[in-house]
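Reading through the structure tokens given below for one structure.
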Amino acid sequence: MKDDVLLKLLRKHPDKGLSALMERYMGLICTVIKGCFSPYTCFSAEDIEECASDVFYEFYKSMENFRPEQGSIKSYLCAIAKHKTIDVIRKRAFENTLISLDSDEEFLQIAGDFTVEAELLLAEERKALFAEINALGEPDREIIVRKFYLREPTQAIAERLGLSAGNVDVRTHRALAKLREKIGGKI
Amino acid sequence: MKKTLYDIMNEAKTDEIDTMLENIECEMPDGISTKNIKEKTLKKCGIKKKKSRTLIVRYGALAACLALIVAAVPTAMHFGHSNTTDRRYPEIGGENGIYQEITPSIAYPTSVSYTYHFPLEDGTVLCKEMFFKLEEGKMKETWKELLAPFFEHCALDVTVADWKLSTSGEKTEVSENGQFVTHTPGSNTLTLFFEGTAELDDHTLKCLVNTIDSISYVKYIKLVYNGEPVAIDGECPAEGFTNFKN
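Protein chains in written order, with numbering that gives the first Met the number 0: chain D, 0 to 186; chain Z, 0 to 245.
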């Protein structure tokens with residue numbers, strides 16, 4: 000179903016529209032939320048469900064502000080999901096119940112491969128980076144998006160794409176090296 | 000402060016991730032309840048959910064359904080001219096609906112079923128039997144009602160505005176028992192007029208034609224959408240469409 004049809008359905012029959020919206024994007028949104036929560040121990044399945052319902056509610060509430068020319072419903076929902084999870088994580092951190100599962104070594108290994116000076120990474124550069132990711136070709140593009148945007152585990156990516164876990168790791172490493180080369184000294 | 004690719008991705012705006020998310024689909028993660036999320040969302044949005052049925056009501060409905068199916072057999076035989084596998088409407092009469100002449104031997108209420116061909120996103124077709132309850136003295140169903148489940152299932156904003164039967168073919172004169180008798184061909188073309196805002200692709204249109212074909216007896220089906228004759232695979236045959244092979 001196309002976005003404009005879905006929006007019309009949401010306006011005309013909110014219950015049917017919401018059901019169709021959730022039917023279509025619930026898997027993706029829950030994966031995004033689960034990925035964002037994955038480095039922390041304190042988030043349960045109920046937290047993911049609560050956050051996912053918040054995302055759909057937020058979209059329903061701000062539906063009139065949605066601009067199709069700026070992106071699809073899919074990416075709009077994902078952006079809401081990212082912001083919502085960051086809010087929840089901050090809230091938990093404030094409540095002192097947040098414990099990261101990421102060992103420094105593991106997290107910094109990726110950071111060491113691919114870090115940027117926040118001050119230097121302007122919007123244009125970020126766009127250039129995403130353009131390079133899109134130009135990687137398949138399956139490297141999908142691996143990078145699944146690993147770094149959806150935070151899916153290597154094994155899950157490997158199973159989905161019909162590759163071995165080792166192959167996914169090698170492709171990730173090569174793709175990052177290629178991106179670093181393309182973007183130049185900025186990363 | 001150093002940023003990881005994770006952080007950069009998190010900060011991405013809607014327009015920046017649009018292309019990246021193309022062709023990215025995900026299943027529900029394990030242990031997450033779709034039902035809980037739906038209920039919570041509808042509650043937050045202030046949309047009332049239909050009361051859930053109790054087990055007794057559910058089983059009662061199931062039993063009633065079975066009874067209706069059993070009762071539908073004689074109806075089906077009647078509709079299908081004693082052909083138990085054919086339960087299609089012979090398209091007789093009515094400005095607003097399709098009327099049926101039901102023999103008194105049929106037990107009411109009863110139901111008839113038709114095979115709906117629902118298009119799936121991967122290009123395949125989901126064939127599903129849909130039941131319609133028939134009550135004595137109210138033997139009328141409009142094409143709008145009959146095709147509403149199709150468009151509802153596909154979440155398409157399309158409705159049936161009107162329909163008409165027409166005849167193609169010429170009158171023929173044949174000799175019967177030494178006398179010339181004029182044979183007039185029956186209605187064999189159904190034209191359905193649709194209105195809506197949705198874009199209908201070829202796959203959906205083929206499924207729609209097959210669904211109409213499973214309901215109606217007519218040989219040819221013509222579709223008119225928002226006043227324009229509908230073409231499928233770039234073709235719009237003058238006599239109309241016939242069943243498409245799935």
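Even glycine gets a Cβ: it sits at the ideal position worked out from N, Cα and C.
Selected residue, minimal CA-CA separation from residue i, among the options
i      : options                        : result
D:V87  : D:Y39, D:E158, D:P67, D:E124   : D:Y39
D:D168 : D:K181, D:E180, D:I182, D:E151 : D:E151
D:Y75  : Z:I16, Z:E120, Z:K218          : Z:I16
Z:E238 : Z:K244, Z:G226, Z:L222         : Z:L222
D:G161 : D:K1, D:Y148, D:G34, D:D139    : D:D139
D:L149 : D:R91, D:A80, D:A92, D:K126    : D:A80
Z:A197 : Z:L204, Z:T210, Z:D6, Z:L155   : Z:L155
D:P13  : Z:V159, Z:T33, Z:K47, Z:M8     : Z:K47
Z:D200 : Z:T13, Z:A160, Z:F150, Z:T190  : Z:F150
Z:G30  : D:E48, D:L17, D:R179, D:G16    : D:E48
D:K181 : D:R66, D:C50, D:E124, D:V31    : D:E124
Z:C206 : Z:T158, Z:E144, Z:N187, Z:T123 : Z:T123
Z:N22  : D:V144, D:I32, D:P67           : D:V144
Chain D within 7 Å of residue i, Cβ atoms only
i      : result
Z:L4   : yes
Z:P228 : no
Z:P148 : no
Z:N225 : no
Z:H80  : Confidence at Z:H80 is low in this model, with a pLDDT of 38, below 50, so its placement is unreliable and no value can be given for it.
Z:C265 : As shown, chain Z starts at 0 and ends at 245. That puts residue 265 of chain Z outside it, with no answer to give.
Z:C25  : yes
Z:I214 : no
Z:E194 : no
Z:G30  : yes
Z:T13  : yes
Z:N95  : Note that Z:N95 scores 37 on pLDDT, short of 50, meaning its location in the model is unreliable; the coordinates nonetheless yield the value given after this. False, the Cβ-Cβ gap to chain D never drops below 7 Å.
Z:T18  : yes
Z:M129 : no
Z:I231 : no
Z:K205 : no
Z:T158 : no
Z:T123 : no
is_contact[residue i, chain Z] using C-beta, thresh 7 Å
i      : result
D:P13  : yes
D:K156 : The residue you asked about is not Lys; residue 156 of chain D is Ile in the sequence shown. No - not a single Cβ of chain Z is within 7 Å of the one on D:I156.
D:F42  : no
D:V169 : no
D:F36  : no
D:V144 : yes
D:A92  : no
D:I47  : yes
D:S52  : yes
D:Y228 : Outside the displayed range of chain D (0 to 186) lies residue 228 of chain D, so it cannot be described from this structure.
D:A19  : yes
D:N64  : no
D:Y75  : yes
D:T153 : no
D:F58  : no
D:V176 : First, the residue type needs correcting, since residue 176 of chain D is Ala and not Val in the sequence shown. So, not an interface residue.
D:G26  : yes
D:E8   : Going by the sequence as given, residue 8 of chain D is Leu instead of Glu. Chain Z contact via Cβ: present.
Cross-strand partners of residue i (DSSP beta bridge)
i      : result
Z:D161 : Z:F192
Z:Y113 : Z:M129
Z:P118 : Z:V124
At least three beta-carbon pairs within less than 8 Å, the stretch 32-45 of chain Z to the stretch 46-66 of chain D = These segments touch.
Within the stretch 185-245 of chain Z, note down every full beta strand (DSSP E) run reaching 3 residues or more, in order along the chain.
-> Correct list: 188-195, 219-224.
Specify whether the stretch 120-132 of chain Z and the stretch 222-236 of chain Z touch according to this definition: at least 3 beta carbon pairs, one from each stretch, less than 8 Å apart.
-> With the cut-off at 8 Å, the stretch 120-132 of chain Z and the stretch 222-236 of chain Z do not touch.
Determine, using beta-carbon pairs with one atom in the stretch 18-33 of chain Z and one in the stretch 20-40 of chain D, whether at least three such pairs fall under 8 Å.
-> The answer is yes - the stretch 20-40 of chain D touches the stretch 18-33 of chain Z, with three or more Cβ pairs under 8 Å.
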